[in-house]
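Note sheet for the following structure.
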Amino acid sequence: MAVVIVTGASSGIGRATAIRLGARGDTVILAARRDADLAAVATEITSAGGQARPVRTDVTDPEQAAELVARALAVSGRIDALVNNAGVGGDASVLAGEEQVRAMIEVNLTAPIRLMRLVVPIMREQRSGSIVNIGSVAGEIGIGGVYSATKFALRGMTDSVRRELAGTGIGVTLVEPGFVATELTAHRSGLPGPEIVAAAVERALSRPRRRVVVPAKYRAAIILSNALPFVTDRLYAGRATGKRDTTGGKRDSGNSR
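Sequential numbering from 912 applies to the sequence shown in the numbering used here.
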């Protein structure tokens, strides 16, 4: 029985991941701010025969983050995996307000770092564990303003932690979704569901990889942007200066891209 912490578990990618991991027999520690939604996810998992424990958590609060990890550890004396999924989305340009910038950095970057700092000593002692950070294709292609900046930074941090922990028995993977159907993308139609990201997370927990892009079609866009950055410049010219929303990113339990 693996004990897995999933942040942002009340909806979107986090919910889909929690349900998938519960179905395979893991004890899922559900973390998010919305009590009713957390309870609903927990009920869905337990009704199907799985095990779940909802823990209301604001991941930006150091004390609540520490309590989350302590409660997960109390289940069986170990923590097998951490899925850093909670995120704030939106298209905050360089002109975004101070509060929006701060919120994005705290949720998308500082919180995952904090939780890794809390679980890594436990996993080191166990000599095993897995960490999956949910990044974004916007962490490979600079098209999302401050959001993109936080995901670029999370990518760098994930690479660094993976190298730091090499040989310790702890796997560290970055899963980078493109556009998928979550609360943050409700205005878009025809998007694949968050279940495809959940499946990628499950695979990464079983067999850690350096990086996973999902859906796979976004790999070509990343390769093109890296090889021919002037093409991306032309495609997105002007979109980050006055043509995108800078009034307030929405906080959600799953990343949209």
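Each residue gets a CB set at the ideal place from its N, CA and C atoms; glycine is no exception.
Predicted model only: the values in this text are computed from it and were never measured.
Just curious, the alpha helix (DSSP H) that R1145 is in, first and last residue? P1140 to Y1147
Residue range of the alpha helix (DSSP H) that V1072 falls in? G1056 to E1075
Run through DSSP, which three-state label would S1004 get? coil
Quick one: complete beta strand (DSSP E) runs, 3+ long, within the segment 939-977? 962-967
What does the Cβ neighbour count give for T954, buried or exposed, with the cut at 16 atoms within 10 Å? exposed
Beta-carbon spacing of T1084, A1022 below 8 Å: Taking the C-beta atoms as reference points, A1022 is found no nearer than 8 Å to T1084.
Local conformation of P1119 per DSSP, three classes: Coil.
Name, in chain order, the residues that DSSP records as bridge partners for T1084. V1043, per the DSSP bridge assignment.
Buried or exposed: where does I1134 fall if 16 or more other Cβ atoms within 10 Å of its Cβ makes it buried? exposed
On a CA-only basis, which of S1071, V1031 and K1062 is nearest G1080? Give me that one, please. V1031
Nearest CA to the CA of T1069: which residue from M1015, I1024 and R1099? I1024
From V917 to S1136, what distance separates their C-alpha atoms? 31 Å
Candidates A992, R1028, G998 and Q1037, of which the one nearest P1119 by Cα: Nearest of A992, R1028, G998 and Q1037 to P1119, Cα basis: A992.
Taking 8 Å as the threshold (C-beta atoms), are I1045 and G998 in contact? yes
Just list the residues that DSSP pairs I916 with in beta bridges. According to DSSP, which records beta bridges pairwise, I916 is partnered with I940 and L993.
Short CB-CB distance (under 8 Å) between V1086 and chain C: In the displayed structure, chain C is absent; only one protein chain is listed.
Can you name the residues that DSSP bridges to V1125? V1125 is bridged to P1088.
How about the segment 933-943 and the segment 962-970: do they share at least three Cβ pairs that are nearer than 8 Å? yes
Considering P1023, what are the terminal residues of the alpha helix (DSSP H) in which it resides? Where P1023 is concerned, the enclosing alpha helix (DSSP H) stretches over A1022 to Q1037.
Length of the line joining the Cα atoms of A1138 and I956: A straight-line Cα-Cα distance of about 44 Å links A1138 and I956.
If you draw a straight line from the alpha carbon of V883 to that of E1106, how long is it in whole angstroms? Nothing can be reported for residue 883: it is not among the residues displayed for the chain, which extend from 912 to 1168.
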